[in-house]
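Heads up, the sequence shown is in the numbering used here, so the first residue is 536 and it goes up one at a time.
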Amino acid sequence: MDKRPIGVFDSGLGGLTCVREIMKIMPNEDVIYFGDTGRVPYGTRSRDTIIKYVRQDIRFLKTFDIKAIIIACGTASSAALPWIADESDTKVMGVVEPAARAAVAATKNKRIGVLGTGATIKYGKYVSNIKDICPDAEIFGKACPMFVPLVENGYTDSEATRIIAREYLDEMKEKGIDTLILGCTHYPLLKSVIGDIMGKDVTLIDSGAVAARAAYDFLNEKNLLSEGSEDGTYRYFVSDSVEDFSTLGSMFLDRPIKESVEKIEIEGF
Ligand code: DGL
């Protein structure tokens with residue numbers, strides 16, 4: 536039993552899809568969330584820059600006495616985690632491995648699609664993780680750079696979003712996949728748009744949610760779950776304006792953010 540909080544971060548709001556699952560399956564856990572809203576998106580940046588940002592995000596979270604860190608960001612998990620995983624004495628988990636495992640468990644025809652940011656698709660970590668478990672899987676990746684700005688601005692179900700989604704997904708539809716990884720933690724907010732286009736026979740894997748479940752398994756195995764009867768507490772930090780965070784963040788969490796949101800200077804870490 537360990538009462539210390541879990542640290543979770545993302546380039547912006549997307550990681551809240553992971554926190555939403557933590558709230559559901561580990562309601563007693565305290566969470567410290569950092570959204571790097573001043574530097575979002577990460578997905579259009581070089582690996583060196585993403586690694587620099589991720590090191591700073593981790594250093595900030597480690598100013599709290601946390602028991603584990605979840606990189607609730609497909610981009611940071613793909614472009615930085617493999618290079619920095621050994622640097623921290625605190626366990627750091629990403630979204631790629633759990634999503635790859637969930638996709639392999641879900642697919643019947645071994646044809647799997649991956650949607651992600653430009654960096655996520657470029658570094659191919661979903662592909663290599665899936666291939667490690669299922670070498671004969673056929674994997675089709677698609678970068679969807681417009682999705683993050685649409686979601687960050689609340690356009691989760693607008694006509695514009697549907698037009699862009701069709702543009703991205705039409706070619707994916709022709710591949711005959713039966714499983715599609717939403718490889719960026721912002722994309723679960725577009726689940727209904729993506730689901731409508733892909734059809735009900737395609738299983739959508741929510742990378743944020745499966746990462747939360749993998750964290751549960753890790754904490755459970757190491758006897759680090761909080762296990763108290765008290766509800767978890769949540770603290771939110773951002774690197775830019777706190778104004779829209781609560782409104783938009785509530786959409787991601789599917790419940791209102793009542794806690795105060797604090798702004799930090801991430802470049803100082
Ligand atoms: N939520 C991030 C991800 O999972 C957003 C990407 C970005 O900042 O470009 O990839």
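For glycine and all other residues, C-beta sits at the position ideal for the given N, C-alpha and C.
* Asked: With which residues is A603 paired in a DSSP beta bridge?
  -> BP columns for A603 point to I541 and K626.
Excluding the 5 residues flanking T720 on each side, which residues of the same chain have their C-beta closer than 7 Å to its C-beta?
Short of 7 Å from the beta carbon of T720, and not among the five residues preceding or following it, lie these beta carbons of its own chain, in chain order: D545, G549, G550, T552, C553, A607, C608, G609, V630, S742 and G743.
Kindly indicate the opening and closing residues of the beta strand (DSSP E) around A678.
-> From DSSP, the beta strand (DSSP E) with A678 extends over E673 to A678.
Check for me: the beta strand (DSSP E) holding T714 runs from which residue to which? Note, T714: beta strand (DSSP E), T714 to L717.
With DSSP as the reference, label T768 as helix, strand or coil. Coil at T768, not helix or strand.
(Q) Three or more C-beta pairs under 8 Å: does that hold for the region 677–685 against the region 569–582? (A) In this structure the region 677–685 touches the region 569–582; the number of beta carbon pairs closer than 8 Å is three or more.
_Where E797 sits in the DSSP three-state scheme_ = E797 carries a strand assignment under DSSP once its states are collapsed to helix, strand and coil.
| field | Identified DSSP bridge partners for D741 | value | DSSP links D741 through a beta bridge to L717.
inquiry  = Judging by CA-CA distance, which residue of G676, D705 and G784 is the nearest neighbour of E477?
reply    = With the chain covering 536 to 804 only, the question about residue 477 has no answer from this structure.
query: In the structure shown, what three-state DSSP assignment does L650 receive?
result: Strand at L650.
Reference D705, options A635, G676 and V543, closest by Cα: Restricting attention to A635, G676 and V543, the CA atom closest to the CA of D705 is found in G676.
Round the Cβ separation of I799 and F595 to the nearest angstrom and send it over; I've been treating them as touching at under 8 Å. Confirmed, Cβ separation roughly 7 Å.
Local conformation of F753 per DSSP, three classes: Looking at F753 - three-state DSSP - the assignment turns out to be helix.
**Asked** In this structure, does DSSP put Y588 in helix, strand or coil?
**Response** Note: Y588 maps to helix in three-state DSSP.
Checklist entry - When the cut-off is 8 Å and only beta carbons count, does D775 lie next to chain E? => result The displayed structure is made up of one protein chain only, and chain E is not part of it.
If you draw a straight line from the C-alpha of D667 to the C-alpha of Y661, how long is it? Separation of D667 and Y661 (C-alpha to C-alpha, rounded to the nearest whole angstrom) is 10 Å.
Q: Between the Cα of A750 and those of G570, G547 and K602, spot the shortest distance and give me the residue it belongs to.
A: Residue nearest to A750 within the set G570, G547 and K602 is K602 (criterion: CA-CA distance).
Residues near F780 by beta carbon distance below 6 Å, same chain, minus five either side: The residues are V773 and V796.
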